[in-house]
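Plus 150 on top of the position in the sequence shown (first one is 1) and you've got our numbering. Everything on this sheet refers to the single structure shown next.
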Amino acid sequence: MATFRISDFYEVPVRKEVSARRIDKERIREFWADCKLGRRIGMYVFCVKTPRSFMPWYIGKTYASFAGEVFQPHKIEKYNDCLAKIVRGNVGLIFVYKEGTGRPSDATVIELEREYINKGFQRNERLLNDLGRRKESFAIEGLGSSGRPTKAVQQFRQVFGI
Numbered sequence: 151m152a153t154f155r156i157s158d159f160y161e162v163p164v165r166k167e168v169s170a171r172r173i174d175k176e177r178i179r180e181f182w183a184d185c186k187l188g189r190r191i192g193m194y195v196f197c198v199k200t201p202r203s204f205m206p207w208y209i210g211k212t213y214a215s216f217a218g219e220v221f222q223p224h225k226i227e228k229y230n231d232c233l234a235k236i237v238r239g240n241v242g243l244i245f246v247y248k249e250g251t252g253r254p255s256d257a258t259v260i261e262l263e264r265e266y267i268n269k270g271f272q273r274n275e276r277l278l279n280d281l282g283r284r285k286e287s288f289a290i291e292g293l294g295s296s297g298r299p300t301k302a303v304q305q306f307r308q309v310f311g312i
């Protein structure tokens, strides 16, 4: 089983323009110099940090290196789409990377990304990912609803730790 480590939140450099904030491409090298995870592989989460919480906006993966994947032009456009939609908060990246020797299989990295894309959609319906979302084909009454759960629902949640 591959074991991954979660990084701190690394603020992405942005610049203010007339209409909105945008990713500052001129400072990407500086970002990687501070981050020191550019050569790692795994999953990354582009998110917004506010004083009370974090909100995912894009989840990606790489088999080669974060530095070669995270700031590709089409990704920067996705991040800029996010910046146009939000009013406040700092934008940044959280990396989930393989520590130590050995390389996780591509299938493991795909599975990791898909799992967290689905969790990301549960947290933010406007997640910018185009692929990877599993469509739910069922619902269990009481698990997704608000309000006081029945005793049966409480027991079921305890069984599965949810």
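No residue lacks a Cβ here, since even glycine has one placed at the ideal position from N, Cα and C.
Excluding the 5 residues preceding and the 5 following A170 in the sequence, name in chain order all residues of the same chain whose CB lies nearer than 8 Å to its CB. On the sequence shown, residue 170 is found 20 positions in, with the first residue counted as 1. Only N230, L233 and A234 meet the Cβ criterion.
Can you tell me whether I312 is buried or exposed? The criterion is at least 16 other CB atoms within 10 Å of its CB, across all chains shown. Translated into the one-based positions of the sequence shown, residue 312 becomes position 162. Label assigned to I312: exposed.
So, helix, strand or coil for R276, using DSSP? Your numbering for residue 276 matches position 126 in the sequence shown. In the structure shown, R276 sits in coil (DSSP, three-state: anything other than H, G, I, E or B).
Across which residues does DSSP place G210 in a beta bridge pair? Sequence index remark: in the sequence shown, residue 210 carries index 60 (1-based). According to DSSP, G210 bridges with Y194.
Ignore the nearest five residues each way along the sequence and tell me which others in H224's own chain have a CB closer than 7 Å to its CB. Start at 1 with the first residue of the sequence shown, and residue 224 comes out as number 74. Nothing listed; no residue qualifies.
With C-beta atoms as the reference, is E167 less than 8 Å away from N240? Locating residue 167 in the sequence shown gives position 17, counting from the first residue. Locating residue 240 in the sequence shown gives position 90, counting from the first residue. Their beta carbons are not under 8 Å apart, which means E167 does not touch N240 by this criterion.
With a threshold of 7 Å on Cβ separation, who are the neighbours of T300 within its own chain once the five nearest residues in sequence on each side are excluded? Position 150 of the sequence shown, counted from the start, is the residue given in the question as residue 300. Answer for T300: G292, listed in chain order.
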